[in-house]
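Peer 1:
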Amino acid sequence: MTALNHLWLSVPKNLTLLANDAHVWRINLDVSEAQRQNLLATLSSDEVSRANRFHFQEHRQRFIAGRGILRSILGRYLDIKPQQVLFDYQERGKPVLADTLAKSGLWFNLSHSQGLALCAVSYQGRIGIDLEYMRRMSDVEALAKRFFLPREYTLMRSLSPSQQQEIFFRYWTCKEAYLKATGEGLAQLEQIEILLSPTEPAQLQTSDNWSLFELTPADNYLAAVVVASSGCHLQCWQY
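Quick note: the sequence shown uses the working numbering, first residue 232, plus one each step.
Okay, structure coming up:
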């Protein structure tokens with residue numbers, strides 16, 4: 232329910248994730264070759280195979296960076312080495328902690344766009360994050376008519392073309408973050424009601440038992456994080 236445009240903080244040495252906290256990490260995926268090799272060494276064999284299936288080198292390199300840094304972040308909270316982090320995958324491919332690590336109660340979600348990624352972490356329960364690069368789109372009104380509720384579509388149509396672009400991505404990131412938290416597919420996109428305006432932060436109308444935060448992680452990027460808690464405290468870190 233809050234738009235956050237403040238600076239992303241340096242990570243303290245005594246990093247603590249309290250029961251009512253959610254942490255969001257901002258990650259640069261375009262790392263040096265030496266860093267990438269170090270991260271590659273922490274990946275599992277199936278992750279290495281997945282990386283090698285990318286056709287474009289840029290996509291392969293960013294996958295290695297994103298998955299390696301995700302392992303590093305989760306290892307901090309779990310107090311284990313990055314290569315000891317074990318994943319299971321839900322029906323739609325969403326990674327979750329596997330085996331005994333799942334008993335830690337740590338939930339996480341990762342989203343990436345271009346050379347940037349965001350990782351959200353919480354003990355509150357289900358958490359979802361979506362990050363989008365605001366590329367100019369010619370068909371935002373048609374997409375809004377297809378995927379958004381009538382009231383949301385009406386608001387978009389009332390705005391100038393430049394405002395429509397930003398509002399579209401705000402709606403999209405909020406809805407997608409909720410779907411990623413619940414594990415539901417995009418088919419449910421039009422069933423999630425978001426209340427927002429050009430001057431007011433977004434509110435999730437679907438349920439009172441969730442916290443929604445909008446984020447501006449960099450120029451021309453928008454993001455949203457949704458947590459299964461009505462009283463969540465959000466902190467943002469720069470990896």
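Think of the CB as a built atom: it goes at the ideal place given N, C-alpha and C, for glycine as much as any other residue.
For the region 343-391, list the alpha helix (DSSP H) runs that are entirely contained and at least 4 residues long, ordered along the chain.
Peer 2: DSSP runs (the alpha helix (DSSP H)) wholly in the region 343-391: 371-378 and 381-388.
Peer 1: Assuming Val200 is part of the alpha helix (DSSP H), what are its boundary residues?
Peer 2: Only positions 232 to 470 of the chain appear in the structure, and residue 200 is not among them; the question remains open.
Peer 1: Taking only the alpha-carbon atoms, compute the straight-line gap between Asp252 and Tyr354 and give it to the nearest angstrom.
Peer 2: Against the sequence shown, residue 252 aligns to sequence position 21. Against the sequence shown, residue 354 aligns to sequence position 123. If you take the alpha carbons of Asp252 and Tyr354, they lie about 7 Å apart.
Peer 1: Indicate the three-state DSSP secondary structure (helix, strand or coil) for Glu431 in the structure shown.
Peer 2: The residue labelled residue 431 in the question sits at position 200 within the sequence shown. In the structure shown, Glu431 sits in a strand (DSSP, three-state: E or B).
Peer 1: Taking DSSP as the reference, what is the three-state secondary structure of Leu337?
Peer 2: Locating residue 337 in the sequence shown gives position 106, where the first residue counts as 1. Leu337 carries a coil assignment under DSSP once its states are collapsed to helix, strand and coil.
Peer 1: Please name the residue or residues paired with Asp319 in a DSSP beta bridge.
Peer 2: For this step, residue 319 is matched to residue 88 along the sequence shown. Its beta-bridge partners are Val327.
Peer 1: For Leu301, list the residues DSSP reports as bridge partners.
Peer 2: Here residue 301 refers to the residue found at position 70 when the sequence shown is read from its first residue. According to DSSP, which records beta bridges pairwise, Leu301 is partnered with nothing at all.
Peer 1: Would Pro448 and Arg257 be called neighbours here (beta carbons separated by less than 9 Å)?
Peer 2: The residue labelled residue 448 in the question sits at position 217 within the sequence shown. The residue labelled residue 257 in the question sits at position 26 within the sequence shown. Yes; because the gap between Cβ atoms is below 9 Å, this pair is in contact.
Peer 1: What's the C-alpha gap between Leu341 and Arg388?
Peer 2: The sequence position of residue 341 within the sequence shown is 110, counting from 1. The sequence position of residue 388 within the sequence shown is 157, counting from 1. Cα-Cα distance, rounded: 32 Å.
Peer 1: With 16 other CB atoms within 10 Å as the buried threshold, where does Lys411 fall?
Peer 2: In the sequence shown, residue 411 corresponds to position 180, counting from 1. Under this definition Lys411 is a buried residue.
Peer 1: Return the first residue and the last residue of the alpha helix (DSSP H) that Ala455 is part of.
Peer 2: Here residue 455 refers to the residue found at position 224 when the sequence shown is read from its first residue. Taken as a continuous stretch (DSSP letters only), Ala455 belongs to no alpha helix (DSSP H), being part of the beta strand (DSSP E) at Tyr452 to Val458.
Peer 1: Within 8 Å, do at least three Cβ pairs link the region 285-300 to the region 383-401?
Peer 2: no
Peer 1: Would you please state the rounded distance, in angstroms, between the beta carbons of Val262 and Ala351? I believe it to be under 8 Å.
Peer 2: Stepping through the sequence shown from its first residue, residue 262 is reached at position 31. Stepping through the sequence shown from its first residue, residue 351 is reached at position 120. Between Ala351 and Val262 the Cβ distance is about 20 Å, and since that is not below 8 Å, they are no contact.
Peer 1: Measuring CA to CA, which of Arg357, Thr404, Gln466 and Ser460 is closest to Glu445?
Peer 2: Translated into positions along the sequence shown, residue 445 becomes position 214. Considering only alpha carbons, the answer is Thr404.
Peer 1: Spell out a yes or no on whether the region 315-335 and the region 361-370 are touching, meaning 3 or more CB-CB pairs, one atom from each, closer than 8 Å.
Peer 2: Not touching, per the Cβ criterion.
Peer 1: Does the beta-carbon distance from Ile360 to Leu349 come in below 9 Å?
Peer 2: As a position in the sequence shown, residue 360 is number 129, starting the count at 1. As a position in the sequence shown, residue 349 is number 118, starting the count at 1. Closer than 9 Å, so yes.
Peer 1: Please report the distance separating the alpha-carbon of Ala454 from that of Arg401.
Peer 2: Residue mapping note: residue 454 aligns to position 223 of the sequence shown, counting from 1. Residue mapping note: residue 401 aligns to position 170 of the sequence shown, counting from 1. Rounded to whole angstroms, Ala454 to Arg401 spans 7 Å at the Cα level.
Peer 1: Whose C-alpha, out of Gln321, Gln345, Pro326 and Asp319, is nearest the C-alpha of Asp450?
Peer 2: Position 219 of the sequence shown, counted from the first residue, corresponds to residue 450. The candidate whose alpha carbon is nearest that of Asp450 is Gln345.
Peer 1: Drop a sphere of 10 angstroms on the beta-carbon of Tyr452, count the other beta-carbons inside from all chains shown, and report buried for 16 or more, exposed for fewer.
Peer 2: Translated into positions along the sequence shown, residue 452 becomes position 221. Buried is the call here.
Peer 1: What does the Cβ neighbour count give for Pro243, buried or exposed, with the cut at 16 atoms within 10 Å?
Peer 2: Within the sequence shown, the letter at position 12 stands for residue 243. Taking every protein chain shown into account, the CB of Pro243 has fewer than 16 other CB atoms within 10 angstroms, so this residue is exposed.
Peer 1: On the DSSP letters alone, give me the boundaries of the alpha helix (DSSP H) that Leu271 sits inside.
Peer 2: Mapped onto the sequence shown, residue 271 falls at position 40. Per DSSP, Leu271 belongs to the alpha helix (DSSP H) from Glu264 to Leu271.
Peer 1: If I measure Cβ to Cβ from Ser202 and keep anything under 6 Å in the same chain, skipping five residues before and after, which residues do I get?
Peer 2: Outside the shown range of the chain, which is 232 to 470, sits residue 202, and nothing can be said about it.
Peer 1: Please list the terminal residues of the continuous beta strand (DSSP E) segment that includes Gln469.
Peer 2: Reading the sequence shown from its first residue, position 238 is the one you call residue 469. Per DSSP, Gln469 belongs to the beta strand (DSSP E) from His464 to Gln469.
Peer 1: Verify whether the separation of the beta carbon atoms of Leu337 and Leu248 is less than 9 Å.
Peer 2: Translated into the one-based positions of the sequence shown, residue 337 becomes position 106. Translated into the one-based positions of the sequence shown, residue 248 becomes position 17. Yes, these two residues count as a Cβ contact at 9 Å.
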